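Here my numbering runs 7 ahead of the position in the sequence shown, where the first position is 1. Step one of this worksheet: look at the structure below.
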Amino acid sequence: MKFQFFILLKTVICLLLLGPELNAQGSLVLNGGVITLSNGAKLVIDNPASNGIISNSGHIVSEAENNQVIWNIGNATGTYVVPWGNTTGNVFPLSVTTFPGAIETNGAFHFSTYNTSPTNLPLPSMVTHINNNFTGANNSLFAIDRFWIINATNYTLRPPVQLEFAYLVAEHQAPNTITGTNLQAQRFNSLANVWGDWGPFGTNLANTVGSGSSLTVLPNDFYEAWTLVDNTQPLPVELLSFSGECHSGSIEINWSTATETNNAFFNLYRSLNGIDFDLIHSQAGAINSTQFLEYSFSDYNYIPSKKNWYKLEQVDLNGTNKLFDAIEVNECNPDHLNTHVYYHNNSLVLEINDADTNPLEVTIVNKLGQIINIENWNPEISGNQLTVTAHLSSGLYFVTVFDGLFTETHKVLVN
């Protein structure tokens, strides 16, 4: 069923749209009326102006991920309000302000929203979890019982936006353990499979998050699935990497984080059997950070010619701790290669402790197993440092060094 409206749509009293599409090319005016979308129905607004929907106390009911309002905004700018409501008449409009930046005239915003159980089920199709990474516990009781889907399509680069979420008090009450004034917005990074690399953000005022233009989302941070969380219990902060490698008489331990919230410090443990671990180092955390951070420790007391296991623990300001999975570093023999690899100024830099060694073959492989580069290196002739100008894109790479007898493999995270 598809309707074309070329002039101002008449007052809607009550309309149940069962699908597939209702198309309005003028303005949709809701004077106290209700449009209920069902069975994957799409309400398409072909007017790119912000007055494409005008609500005078009326509202639109979605209550499922695939029941969508599609607004063909293109490269227009303004403040666009989707007058969401539910079947019992409660309203909670979503406001999206677009800014100059998009060049595509056929770009469209797809909007939907739905209420969930207190365990935040069902999850949106692009979301895989709602667990707190540091405690390992399900974090749903600190997240409001609703998801919003905001998807900008047909854009090479999504435009920057400001968001404002109105919410219903009933959706954060018991059995949730949320302080309403603590609610802020977070979105799920479906590429990295994390919540915690951004937010929570947004000023909370009068049951609205994002008041006063406080919730600005730049193109690289614009993903589809959104919810509101208690900012004292944000959704997961992810450990991006944790690795160890042999290096010049030590084992170098490296780890990195995307964001940190109330992170007091890290503890690093070592084991010779993978079961019994001893504390060898404590490292202060950043407390709170929304930036990529790297940490390292040189273990000069490792046991040569044996496997060494390492385990990392993160401790919050309140004493809550999280133990991450142990890593295993294969036998480090001081008489072997002992090379070190790092990424600097768009180049991979390899160093070897002793230049008096056999010629080396250096292979760079991406996480898909594809060979990016192969270099032949003779430290006796060219020195104990090799620089490979690789211009690598962001991601994880494996660098293998082979001297005809021994092989060392390094993990390098490029950001």
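Glycine residues also receive a C-beta, built at the ideal position from the N, C-alpha and C atoms. Just so we're clear, the structure is a prediction, and the values are computed from it rather than from any experiment.
Terminal residues of the beta strand (DSSP E) in which Ile378 lies: That run of the beta strand (DSSP E) goes 378-384.
Segment contact, 8 angstroms Cβ cut-off, at least three pairs: the region 266-284 with the region 310-324: Segments in contact, yes.
Lys374 classed as buried or exposed, judged by whether at least 16 other C-beta atoms fall within 10 angstroms: Lys374 is exposed by the Cβ-count criterion.
C-beta contact flag for Ala109 and Pro182 at 7 angstroms: The answer is no: Cβ separation not under 7 angstroms.
Val88 versus His136, Leu170, Gly33, residue with shortest Cα-Cα distance: Considering only alpha carbons, the answer is Leu170.
Burial state of Asp152, where buried means 16 or more other Cβ atoms lie within 10 Å: Result: buried.
Three CB pairs or more closer than 8 angstroms across the region 277-296 and the region 307-317: Yes, the region 277-296 touches the region 307-317.
Phe149 in three-state terms, based on DSSP: Taken through DSSP and simplified to helix, strand or coil, Phe149 comes out as helix.
Beta-carbon spacing of Phe299, His288 below 7 angstroms: Result no, Cβ atoms of Phe299 and His288 do not sit closer than 7 angstroms.
Short Cβ contact (7 angstroms threshold) for Asp228 with Trp202: No, the Cβ-Cβ distance between Asp228 and Trp202 is not below 7 angstroms.
Pair within 7 angstroms by beta-carbon distance, Gly85 and His66: Contact: no.
7 angstroms Cβ cutoff met for Asn74 and Ala48: Yes, the pair counts as a contact, with Cβ atoms nearer than the cut-off.
Minimum length 3: unbroken beta strand (DSSP E) runs contained in the region 111-140: Runs of the beta strand (DSSP E) inside the region 111-140: 115-122.
The region 210-224 contacting the region 180-197, beta-carbon criterion three pairs below 8 angstroms: Contact between the region 210-224 and the region 180-197 is present: three or more C-beta pairs spanning the two stretches fall below 8 angstroms.
Selection from Val369, Met133, Gly251, Leu164 that minimises the alpha carbon distance to Trp262: Taking Trp262 as reference, the option from Val369, Met133, Gly251, Leu164 with the minimal CA-CA separation is Gly251.
Contacts around Leu286, its chain only, beta-carbon distance under 8 angstroms, and the 5 residues preceding and following it disregarded: Once the five neighbours on either side are set aside, the close Cβ partners of Leu286 are Asn274, Leu275, Tyr276.
Beta-carbon gap between Ser257 and Asp306 smaller than 7 angstroms: Yes, Cβ-Cβ distance for Ser257 and Asp306 is below 7 angstroms.
According to DSSP, residues forming a beta bridge with Tyr349: The partner list for Tyr349 (beta bridge, DSSP) reads Val356.
Buried or exposed by the 16-neighbour rule on C-beta atoms within 10 Å, applied to Val76: Its Cβ being crowded by 16 or more others within 10 Å, Val76 is buried.
Rounded distance between the beta-carbons of Thr163 and Glu231, thought under 8 angstroms: Not confirmed; about 17 angstroms, so no contact.
Backbone secondary structure at Ile60 - three-state DSSP: Here DSSP, grouped into helix, strand and coil, assigns Ile60 to strand.
Per-residue DSSP class, three states only, for Pro226: It is helical.
Beta-carbon spacing of Ser401, Asn385 below 7 angstroms: Not closer than 7 angstroms, so no.
Rounded C-alpha distance that separates Ile61 from Leu175: When rounded, the distance between both Cα atoms is 21 angstroms.
Backbone CA spacing between Leu235 and Leu225 [nearest angstrom]: Looking at the two C-alpha atoms, the distance is approximately 18 angstroms.
Where Asn38 sits in the DSSP three-state scheme: In this structure, Asn38 counts as strand in the three-state DSSP scheme.
Cα-Cα separation, Thr186 to Ile294: Near 22 angstroms, if we compare the C-alpha coordinates of Ile294 and Thr186.
Extent of the continuous beta strand (DSSP E) run through Val236: For Val236, the enclosing beta strand (DSSP E) stretches over residues 232-237.
Residues near Thr105 in its chain [Cβ-Cβ closer than 6 angstroms; skip 5 each side]: Cβ-Cβ distances below 6 angstroms link Thr105 to Thr84, Pro166, Val168 in the same chain, with the five nearest sequence neighbours on each side left out; the list follows chain order.
Range covered by the beta strand (DSSP E) that runs through Ser289: Per DSSP, Ser289 belongs to the beta strand (DSSP E) from 285-296.
Contacts around Ser69, its chain only, beta-carbon distance under 6 angstroms, and the 5 residues preceding and following it disregarded: Around Ser69: Leu44, Ser119, Thr120.
Own chain residues within Cβ distance below 6 angstroms of Asn370, not counting five before or after: Here residue 370 is Thr; the residue named in the question, Asn, does not match the sequence. If we look at Thr370 and ignore the five residues flanking it on each side, its Cβ neighbours are Ile381, Thr407.
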